[in-house]
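Residue numbering for the sequence shown follows the numbering used here, beginning at 122 and increasing consecutively.
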Amino acid sequence: MAFRDDPSRSGIESHVVDCLIIGGGPAGLTAAIYLSRFLLRVILIDAGNSRAASIPRTHNHAGFPDGIAGGDLLIRMRSQAIQFGTQILDGMVERLEGEGGAFLAYGDHGCLAARTVLLATGVVNNRPSMPETIHDDALARGLLRYCPICDAYEIRDRRIAVLGNAEHGEREALFLRSYSADVTLVSPDGAVLDQGCADRLAQAGVITIPGPCSTIGIDRDRIHLTLPQGTLSFDVLYPALGSVIRSERAADVGAALSDEGCLIVDAHQRTSVPGLYAAGDVVLGLDQISHAMGDGGVAATTIRNDLAHRSPRYCATARSSPALDSAFPS
Ligand SMILES: Cc1cc2nc3c(=O)[nH]c(=O)nc-3n(C[C@H](O)[C@H](O)[C@H](O)COP(=O)(O)OP(=O)(O)OC[C@H]3O[C@@H](n4cnc5c(N)ncnc54)[C@H](O)[C@@H]3O)c2cc1C
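So this is what it looks like as C-alpha cells:
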C-alpha cells in the first residue's frame with residue numbers, strides 16, 4: 122500500500138487526511154486544535170469514553186480557580202477544535218494498518234486513509250467489583266475517587282480507604298498519608314503483603330487489612346466495605362487496582378510498547394513507527410489533563426513539521442476542505 126505524495130491531490134490523494142487522531146480526550150482534542158490551526162486536514166474519531174468525562178469537578182486544572190467539570194471541559198475543547206476545522210466522528214477505530222505516510226484505519230466509519238496517525242486513546246481504570254449504578258453514584262458524589270494527585274487536597278484529614286495490593290496500593294496509601302492520619306489499605310482479594318511492604322506502611326502509620334472485600338455500598342455520605350472482620354465505613358475510597366492501557370491500535374502496526382503496554386515515544390511524541398505519534402495517558406508518564414494537553418501540543422507541532430519536511434506543499438497556503446465523505450474511499 123502506498124499513496125503518492127503528489128501536490129496536485131489527484132486520485133486517491135484527495136481522500137487522504139493529513140492526520141487521523143484516534144481518541145477525543147484532552148490529548149486528542151488539544152492536538153486537533155493545533156493541527157487545524159496549522160491548516161491541516163484533520164479527522165478525530167472518538168469512542169466517547171474519556172476518563173476526563175468522569176471527573177465531577179477538577180480543581181487542579183490551571184485557569185479554573187473554581188474548578189470545572191470534566192465533561193464541560195471536553196465540550197469546550199470539542200467546540201474549539203470544530204471551530205478551527207477538525208471533523209469529529211463518534212465511533213471506534215477497530216484496526217490500523219500501514220506505516221510511514223500511508224495508514225488505513227478501519228472501524229465504525231468504514232476505511233479512512235491518513236498520512237499520519239496520532240494515538241490519544243488513554244487508559245481505563247480497573248474498577249472494584251460493585252454494581253455500575255452504585256459505582257457511578259459514588260464517583261459523582263466524591264465517595265469514590267481514582268486520582269489522589271488530582272483530588273486528595275479536597276479530602277484532607279478525612280477517613281480514607283485504599284483498595285489494592287502491594288503493587289499499586291502501597292504507593293497510593295503512602296501518598297494519601299500526607300493528607301490524612303487515617304488511611305487504611307484493604308486488600309480486595311485477601312492477598313498478604315510481603316514483610317517489607319507491611320513494615321513501610323506500618324512505619325508510616327497506614328493501617329492494613331487483608332480482606333477480601335466482598336461488597337461495597339454507600340449511604341448519603343459514607344462508603345462501606347464488607348470484610349470478614351465486619352463492615353468498615355470511610356469518607357472516601359480510592360481503588361488502586363491498576364489500569365488497562367488502550368494501545369491496541371499501536372500493537373496493530375508493531376509500535377514499541379513498555380512492559381505495561383504504554384506507547385514508547387521520543388521527546389517529540391514520535392513512536393517507533395514512522396508517521397505514528399502518541400499523546401496523553403496512553404504514553405508512559407504522568408496521567409493528568411495538563412500532561413495530556415502538553416503531549417497533544419507537542420505531537421501536533423511535530424506532525425506538522427514532519428509533514429512539511431516530507432512535502433513542500435505543507436509550506437504553502439492552499440488549504441482545501443473537501444467534504445467529509447471524500448475522506449472515505451469507496
Ligand atoms: C475519576 C477521575 C478523576 C480525575 N481527575 C483529574 C483531575 O482533577 N485533574 C487531572 O489533571 N486529571 C484528572 N484525571 C485524569 C485525566 O482524566 C486523564 O489524565 C485525561 O483524561 C487523559 O487524557 P487522554 O486524552 O490521554 O485520555 P482520555 O481522556 O481517557 O481519552 C481517550 C479517548 O480515546 C477514546 N478511544 C480509545 N480507544 C479508541 C479507539 N480505538 N477508537 C476511538 N476512540 C478511542 C476513548 O473512548 C476516550 O474518549 C482524572 C481521572 C479520573 C478517572
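Glycine is no exception: its CB is placed at the ideal position from the N, C-alpha and C atoms.
Counting Cβ pairs, one atom from each stretch, are 3 or more of them under 8 Å apart for the segment 231 to 240 and the segment 251 to 265? With a cut-off of 8 Å on Cβ pairs, the segment 231 to 240 is not in contact with the segment 251 to 265, counting fewer than three such pairs.
Pro-269 versus Leu-297: straight-line alpha-carbon distance, rounded: Counted from its first residue, the sequence shown places residue 269 at position 148. Counted from its first residue, the sequence shown places residue 297 at position 176. C-alpha separation (whole angstroms): 7 Å.
Is Gly-455 near ligand 1, with its Cβ less than 7 Å from a heavy atom? Because residue 455 is not part of the residues shown, which for the chain are 122 to 451, the question remains open.
Figure out for me which residue from Thr-254, Phe-355, His-430, Val-244 has the closest Cα to the Cα of Ala-168. Position 47 of the sequence shown, counting from 1, holds the residue named residue 168. Comparing alpha carbon positions, the residue from Thr-254, Phe-355, His-430, Val-244 closest to Ala-168 is Val-244.
Where the alpha helix (DSSP H) containing Ile-330 begins and where it ends: To locate residue 330, count along the sequence shown from 1; it is residue 209. Here Ile-330 belongs to no alpha helix (DSSP H); instead the beta strand (DSSP E) covers 328 to 330.
Unbroken stretches of the beta strand (DSSP E), 3 residues or longer, contained in the segment 260 to 311: 281 to 284, 304 to 307
Under the assumption that Arg-199 contacts Leu-150 (Cβ atoms under 8 Å), give the Cβ distance between them as a whole number of angstroms. The count along the sequence shown starts at 1 and reaches residue 199 at position 78. The count along the sequence shown starts at 1 and reaches residue 150 at position 29. That belief holds up - the Cβ atoms of Arg-199 and Leu-150 are roughly 6 Å apart, short of 8 Å.
How far does the alpha helix (DSSP H) with Ile-196 in it extend, from its first residue to its last? One-based indexing of the sequence shown puts residue 196 at position 75. Its alpha helix (DSSP H) spans residues 191 to 204.
Measuring alpha carbon to alpha carbon, tell me which residue in His-345, Val-365, Ser-379, Ala-226 is nearest Thr-336. Translated into the one-based positions of the sequence shown, residue 336 becomes position 215. Looking at the Cα atoms, His-345 is the closest of the given residues.
Comparing alpha-carbon positions, which option in Arg-162, Leu-165, Leu-194 lies nearest Arg-172? Translated into the one-based positions of the sequence shown, residue 172 becomes position 51. Looking only at Arg-162, Leu-165, Leu-194, the smallest Cα-Cα distance to Arg-172 is reached by Leu-194.
Given this structure, state the Cα-to-Cα distance separating Ile-209 from Ala-361, to the nearest angstrom. Stepping through the sequence shown from its first residue, residue 209 is reached at position 88. Stepping through the sequence shown from its first residue, residue 361 is reached at position 240. When rounded, the distance between both Cα atoms is 33 Å.
Would you mind sorting Val-419 into buried or exposed? The rule is 16 or more other CB atoms within 10 Å of its CB. Within the sequence shown, the letter at position 298 stands for residue 419. For Val-419, the number of other beta carbons within 10 angstroms of its own is at least 16, and it is reported as buried.
Should Cys-140 be labelled buried (16 or more other beta-carbon atoms within 10 Å of its own) or exposed? On the sequence shown, residue 140 is found 19 positions in, with the first residue counted as 1. Label assigned to Cys-140: buried.
Look at the Cβ atom of Arg-236, then the Cβ atom of Tyr-227, and state whether they are nearer than 8 Å. Residue 236 sits at position 115 when you count from the first residue of the sequence shown. Residue 227 sits at position 106 when you count from the first residue of the sequence shown. Not a contact, by the Cβ cut-off of 8 Å.
If you follow the beta strand (DSSP E) that Leu-165 is part of, which residue opens it and which one closes it? Numbered from 1 along the sequence shown, position 44 holds the residue referred to as residue 165. Here the beta strand (DSSP E) through Leu-165 covers 163 to 167.
For Glu-288 and Ala-388, I'd like the C-alpha separation in whole angstroms. Position 167 of the sequence shown, counting from 1, holds the residue named residue 288. Position 267 of the sequence shown, counting from 1, holds the residue named residue 388. Their backbone Cα atoms lie some 28 Å apart in a straight line.
Just how far apart, CA to CA, sit Val-137 and Gln-201? Residue mapping note: residue 137 aligns to position 16 of the sequence shown, counting from 1. Residue mapping note: residue 201 aligns to position 80 of the sequence shown, counting from 1. Approximately 23 Å between the Cα atoms of the pair.
Can you tell which of Ala-190, Phe-224, Val-214 has its C-alpha closest to the C-alpha of Pro-395? Within the sequence shown, residue 395 is the residue found at index 274, counting from 1. Checking every option, the nearest Cα to that of Pro-395 belongs to Phe-224.
Straight-line Cα distance separating Val-365 from Met-122: Here the question's residue 122 lines up with position 1 in the sequence shown. Here the question's residue 365 lines up with position 244 in the sequence shown. Residue confidence is low: Met-122 scores 33 on pLDDT, short of 50, so the model does not pin down where it sits. Its coordinate-derived value is still stated next. The straight-line gap from Cα to Cα measures roughly 32 Å.
Is His-230 close to ligand 1? I mean its beta-carbon at under 7 Å from any heavy atom of the ligand. For the purposes of this step, residue 230 is identified with residue 109 of the sequence shown, where counting begins at 1. Flag unset: Cβ of His-230 not near ligand 1.
Quick one: give me the first and last residue of the alpha helix (DSSP H) that Thr-151 is part of. To locate residue 151, count along the sequence shown from 1; it is residue 30. Per DSSP, Thr-151 belongs to the alpha helix (DSSP H) from 147 to 158.
CB contact flag (Ile-176, Ile-255, <8 Å): Position 55 of the sequence shown, counted from the first residue, corresponds to residue 176. Position 134 of the sequence shown, counted from the first residue, corresponds to residue 255. Not in contact: Ile-176 and Ile-255 (Cβ atoms no closer than 8 Å).
How many Å lie between Arg-279 and Asp-272 at the Cα? Locating residue 279 in the sequence shown gives position 158, where the first residue counts as 1. Locating residue 272 in the sequence shown gives position 151, where the first residue counts as 1. Each residue's alpha carbon lies about 12 Å from the other.
At 4 residues or longer, and completely inside the segment 360 to 421: list those alpha helix (DSSP H) runs for me, N to C. 369 to 373
I'd like to know whether the C-beta atoms of Thr-392 and Ala-399 end up nearer to each other than 8 Å. To locate residue 392, count along the sequence shown from 1; it is residue 271. To locate residue 399, count along the sequence shown from 1; it is residue 278. It is a contact, given that the beta carbons lie within the stated cut-off.
Using only CA atoms, which one of Asp-310, Tyr-300, Glu-293, Ala-302 lies nearest to Gly-318? For the purposes of this step, residue 318 is identified with residue 197 of the sequence shown, where counting begins at 1. Per the sequence presented here, residue 318 reads as Cys, with Gly not at that position. The shortest C-alpha separation from Cys-318 is found at Glu-293.
In the DSSP assignment, what are the bridge partners of Asn-246? To locate residue 246, count along the sequence shown from 1; it is residue 125. Looking at the DSSP assignment, Asn-246 forms a beta bridge with Ser-364.
Tell me whether the beta-carbon of Phe-355 lies closer than 8 Å to the beta-carbon of Ala-282. Here residue 355 refers to the residue found at position 234 when the sequence shown is read from its first residue. Here residue 282 refers to the residue found at position 161 when the sequence shown is read from its first residue. Yes, they are a contact pair.
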